[in-house]
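Notes to accompany the following structure.
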Amino acid sequence: MFENNKNIWVYMETEEGKPKAVGFELLAPGRNLADKRGCSLVAVVIGNGVEETAKQAIAYGADQVLLLDAPEYNIYNTDVFGEAMVGLIEKYQPEGILIGATNNGRDLGPCVSCRIKTGLTADCTAIDLDGESGNIAWTRPAFGGNLMATILCPNTRPQMGTVRPGVFKKPVADESRTGEIIREQMKIPENRVELIKRVREVAESVNLDEAEIIVSGGNGVGSAENFSYIKALADILGGAVGASRAAVDNGWISHAHQVGQTGKTVAPKLYIACGISGAIQHIAGMSGSDTIIAVNKDPDAPIFSVADYGIVGDLFEVLPVLTAEFKKI
Ligand code: FAD
Numbered sequence: 243m244f245e246n247n248k249n250i251w252v253y254m255e256t257e258e259g260k261p262k263a264v265g266f267e268l269l270a271p272g273r274n275l276a277d278k279r280g281c282s283l284v285a286v287v288i289g290n291g292v293e294e295t296a297k298q299a300i301a302y303g304a305d306q307v308l309l310l311d312a313p314e315y316n317i318y319n320t321d322v323f324g325e326a327m328v329g330l331i332e333k334y335q336p337e338g339i340l341i342g343a344t345n346n347g348r349d350l351g352p353c354v355s356c357r358i359k360t361g362l363t364a365d366c367t368a369i370d371l372d373g374e375s376g377n378i379a380w381t382r383p384a385f386g387g388n389l390m391a392t393i394l395c396p397n398t399r400p401q402m403g404t405v406r407p408g409v410f411k412k413p414v415a416d417e418s419r420t421g422e423i424i425r426e427q428m429k430i431p432e433n434r435v436e437l438i439k440r441v442r443e444v445a446e447s448v449n450l451d452e453a454e455i456i457v458s459g460g461n462g463v464g465s466a467e468n469f470s471y472i473k474a475l476a477d478i479l480g481g482a483v484g485a486s487r488a489a490v491d492n493g494w495i496s497h498a499h500q501v502g503q504t505g506k507t508v509a510p511k512l513y514i515a516c517g518i519s520g521a522i523q524h525i526a527g528m529s530g531s532d533t534i535i536a537v538n539k540d541p542d543a544p545i546f547s548v549a550d551y552g553i554v555g556d557l558f559e560v561l562p563v564l565t566a567e568f569k570k571i
């Protein structure tokens, strides 16, 4: 049984029975909030054949799991998932809900917050408890990324927010943790949307969210063809190709590769920025990387202020040398 109804929830998104990484990532800030509030951390797992995800959620830090497991939850649908979440919220009255800002999460969050008439802070980059008021402090970029706004939701409950994948690091799993899995059933509403066909976009094959190494190119790359320099280095390192918005806007590479405020937020072990100046909107999407290397011919480029290692030079000279050296390893 739930001990109290003021818990912190993390929505663990699944698709065709598989969990998305962002759900596990959100268990880290969720745990922090629950510990500070002295309440339970509850993972909400909705999917088809997702019992294993429920068990994993406990290993990654959840105290309890609310599990909705049925064939109707195999693929995301606004009506069906919205009804499920609203039903669970009305029954258990959580204090706060963290949702990954994936395509589906960006749909589900506003749908639910609207139905239960509460606030939602979208695209957060930091979450903590506001010591003074006891509300959740949701931090997100505002005014084109030029300032960070911290938003409180003092009057309505639950407090809701979406967080981009890659902002938080997945906690370390502890298989010895124990927790409670509560199997629930919610009314499946009439489905107003008929799924005719699913087309897997190229975007899905760009695995920036989960890549451990990313080599990114910017305006300095100069053309679509020259992205072969970036790709060659990424390939030899077993990494993914990223890009600045300038490179995307120039039509050299698709938006699926864009890193930054209006692209993806990434936190790989190694991020190599090539021909990227280091605008605040780009940095917002990659500053969580463990190690940053910048290659830029301008020694005063702002990217060097966030880089751990900087190479001042022409990327067309530097990258072939790096690629050739890594090939030897
Ligand atoms: P530039 O600023 O033109 O920099 C190119 C760099 O390449 C320069 O530093 C230059 O010295 C260097 N260079 C040139 N030739 C070479 C060479 N041969 N060898 C080595 N170095 C070379 N930007 C993003 O990236 N992601 C976002 O998500 C994003 N979102 C935005 C949202 C908003 C609301 C706004 C207003 C802007 C956003 N931007 C975003 C755009 C951002 O402000 C910058 O315009 C953009 O990041 C610049 O890209 P860049 O660094 O590739 O290009």
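Residue numbers (the numbering used here): 243 to 571. The beta carbon of each residue, even a glycine, is placed where N, CA and C say it ideally should be. Treat the numbers as computed from the prediction; the structure is a model and nothing was measured.
Residue i CB to nearest heavy atom of the ligand FAD below 8 Å
i, result
"serine 486", "yes"
"threonine 504", "yes"
"serine 529", "no"
"aspartate 365", "no"
"alanine 466", "no"
"glycine 520", "yes"
"asparagine 274", "no"
"histidine 499", "no"
"leucine 557", "yes"
"alanine 543", "yes"
"asparagine 461", "yes"
"valine 537", "yes"
"aspartate 451", "no"
"alanine 526", "yes"
"glycine 493", "no"
"glycine 387", "yes"
"glycine 517", "yes"
"alanine 474", "no"
"glutamine 523", "yes"
"alanine 489", "yes"
"aspartate 540", "yes"
Per DSSP, cross-strand counterpart(s) of residue i
i, result
"asparagine 461", "In DSSP, asparagine 461 forms no bridge with anything."
"isoleucine 455", "Leu512"
"glycine 552", "Ala536"
"tyrosine 315", "Answer is none; tyrosine 315 lacks a bridge partner."
"valine 252", "Ala285 and Leu340"
"leucine 600", "Any property of residue 600 remains undetermined from this structure, which presents the chain solely from 243 to 571."
"methionine 390", "Pro383"
"valine 435", "Per DSSP, none; premise fails for valine 435."
"valine 501", "Lys506"
CB contact flag (residue i, residue j, <9 Å)
i, j, result
"valine 284", "valine 307", "yes"
"tyrosine 253", "isoleucine 358", "no"
"tryptophan 494", "valine 463", "yes"
"glycine 303", "proline 407", "no"
"leucine 330", "methionine 428", "yes"
"glycine 291", "glycine 259", "yes"
"serine 531", "leucine 512", "yes"
"aspartate 365", "lysine 278", "no"
"leucine 268", "phenylalanine 410", "yes"
"glutamine 500", "serine 519", "no"
"glutamate 452", "glycine 481", "no"
"cysteine 516", "glycine 459", "yes"
"aspartate 262", "threonine 344", "The residue asked about is misnamed: residue 262 is lysine in this sequence, not aspartate. Their beta carbons are under 9 Å apart, which means lysine 262 touches threonine 344 by this criterion."
Backbone secondary structure at residue i - three-state DSSP
i, result
"methionine 428", "coil"
"glutamate 446", "Summary for glutamate 446: the model assigns pLDDT 46, below 50, so the residue's position carries little reliability; its value from the coordinates is reported in the next sentence. It is helical."
"threonine 363", "strand"
"methionine 402", "strand"
"valine 506", "Note on residue identity: the sequence assigns lysine, not valine, to residue 506. Lysine 506: strand per DSSP, three-state reduction."
"lysine 333", "helix"
"alanine 288", "Reading off the sequence shown, one finds isoleucine at residue 288, where the question assumed alanine. Strand."
"valine 328", "helix"
"alanine 415", "coil"
"tyrosine 302", "coil"
"arginine 382", "strand"
"proline 562", "helix"
"valine 441", "coil"
"valine 354", "helix"
"isoleucine 571", "coil"
"aspartate 370", "strand"
"glycine 272", "helix"
"threonine 320", "helix"
"alanine 526", "coil"
"lysine 260", "strand"
"alanine 482", "strand"
"valine 409", "coil"
"glycine 265", "helix"
"asparagine 346", "helix"
"serine 375", "coil"
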